[in-house]
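In the numbering used here, the protein residues as written are 1 to 289.
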């Protein structure tokens, strides 16, 4: 279950000056599809056979030292206003979204935390850098494993798994949002936590008002939702705890990568990627409050 990649680039802190020209979300999905076959073969990854064995850990024990921040219930304007610089069409229309209280990891999951949970022994994959080049399937497997290890009920049911060697390339994944285990944030939870009660469009290097680090820059972060460019326009206003479309070609990624400039490091910036790809992607975990 290890995800070792010895030639990965060094992860840098978020930079809000310069950066690459942003790609529209549709282009990201197209590139994801074209690169899928080559990338799965070229990049080493974990054997993600689903581990169904429970351990002797008691509920509430922590094996990976993952600090969790309490995020209060509230409402916010999701998306970007029509006059926001660098705005993409998939960021609107803005609507009011109500979010229930939850807990979110203070930082993106680190290499050491990944090793502690997944049992990796790779010497190149043991530090406090954010784990990156992990697929969406890697992340849901991590969440289920962490939940079982700490005595919680896993959120994900994973069926019909397709493999290419040791790599999961397809699976039917459903989420029980009432379970008390770890999971990926929904896209709405991610943006709500990122904004932390403010309307600030661009993130900083310091923790936000709720104490979360690295919500912008570093690596793109996987969310639960399927990506749809016109999803916002199909939702009610106000909306409550949306969980995204029921199907799609890619999963939502948020936060911008280390090479993004201001245009990519905005609270409303959204994109999508095929769930079996690992292109500079990391993640953080959430739990029900």
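Glycine included, each C-beta is placed from N, C-alpha and C at the ideal position.
Going along the chain, which residues of its own chain have a beta-carbon closer than 8 Å to the beta-carbon of residue i, five neighbours each way excluded?
i, result
"residue 224", "175, 183, 184, 185, 186, 187, 243, 244, 251 and 252"
"residue 171", "137, 158, 159, 160, 161 and 162"
"residue 282", "108, 109, 130, 131, 132, 134, 218, 219, 220, 221 and 222"
"residue 128", "110, 111 and 112"
"residue 238", "75, 95, 96, 97 and 98"
"residue 105", "66, 67, 68, 69, 284, 285 and 286"
"residue 42", "Below a pLDDT of 50, predicted positions are generally treated as unreliable, and residue 42, at 33, falls in that range; the measurement from the model is reported next regardless. Here the set comprises nothing."
"residue 194", "203, 208, 212, 215, 216, 254, 255 and 267"
In terms of residue numbering, what span does the beta strand (DSSP E) encompassing residue i cover?
i, result
"residue 184", "Premise fails: residue 184 is in no beta strand (DSSP E) and is neither H nor E."
"residue 167", "167-175"
"residue 65", "Per DSSP, residue 65 belongs to no beta strand (DSSP E) and is neither H nor E."
"residue 270", "270-273"
"residue 157", "156-164"
"residue 251", "251-254"
"residue 287", "286-288"
Quick one: what's got a C-beta closer than 6 Å to residue i's C-beta in the same chain, skipping five residues either side?
i, result
"residue 144", "154 and 156"
"residue 177", "none"
"residue 147", "154, 181 and 182"
"residue 87", "80"
"residue 23", "Model confidence at residue 23 stands at a pLDDT of 40, short of 50, so the residue's coordinates are unreliable; what they give is reported in the following sentence. So no residue of the chain qualifies."
"residue 64", "113, 116 and 117"
Give every residue of the same chain whose Cβ lies closer than 7 Å to the Cβ of residue i, excluding the five residues on either side of it in the sequence, and list them in chain order.
i, result
"residue 81", "94"
"residue 72", "101"
"residue 247", "226"
"residue 48", "For residue 48, the pLDDT reaches just 36, beneath the cut-off of 50, and the residue's location in the model is therefore unreliable, although a value from the coordinates is still provided. Contacts found: 1, 137, 138, 141 and 168."
"residue 207", "213"
"residue 103", "68, 69, 70, 71, 286, 287 and 289"
"residue 179", "153, 154 and 155"
"residue 57", "For residue 57, the pLDDT reaches just 34, beneath the cut-off of 50, and the residue's location in the model is therefore unreliable, although a value from the coordinates is still provided. Cβ neighbours of residue 57 beyond the five flanking positions: 63, 149, 150 and 151."
"residue 92", "79, 80, 82 and 232"
"residue 85", "none"
With a cut-off of 8 Å on the beta carbons, I'd call residue i and residue j a contact; round off their distance for me.
i, j, result
"residue 108", "residue 211", "Actually they do not touch by this definition, with Cβ atoms about 14 Å apart."
"residue 189", "residue 286", "6 Å"
"residue 181", "residue 152", "4 Å"
"residue 90", "residue 267", "The pair is not a contact, with the Cβ atoms about 14 Å apart (cut-off 8 Å)."
"residue 280", "residue 257", "5 Å"
"residue 97", "residue 68", "Not quite, the Cβ-Cβ distance comes to about 22 Å (not below 8 Å), so this is no contact."
"residue 149", "residue 117", "7 Å"
"residue 99", "residue 192", "5 Å"
For a cutoff of 9 Å on Cβ pairs, would you count residue i as touching chain C?
i, result
"residue 137", "As a matter of chain content, chain C is missing from the structure shown, which is built from one protein chain."
- Go through the stretch 71-137 residue by residue and report every complete run of the alpha helix (DSSP H) that reaches 4 residues or more, in order. Residue ranges of uninterrupted alpha helix (DSSP H) with 4 or more members, entirely inside the stretch 71-137 and ordered along the chain, are 111-118.
- Item | Ranges of the beta strand (DSSP E) found wholly within the stretch 189-237, counting only runs of at least 3 | Whole beta strand (DSSP E) segments, 3+ residues: 220-226.
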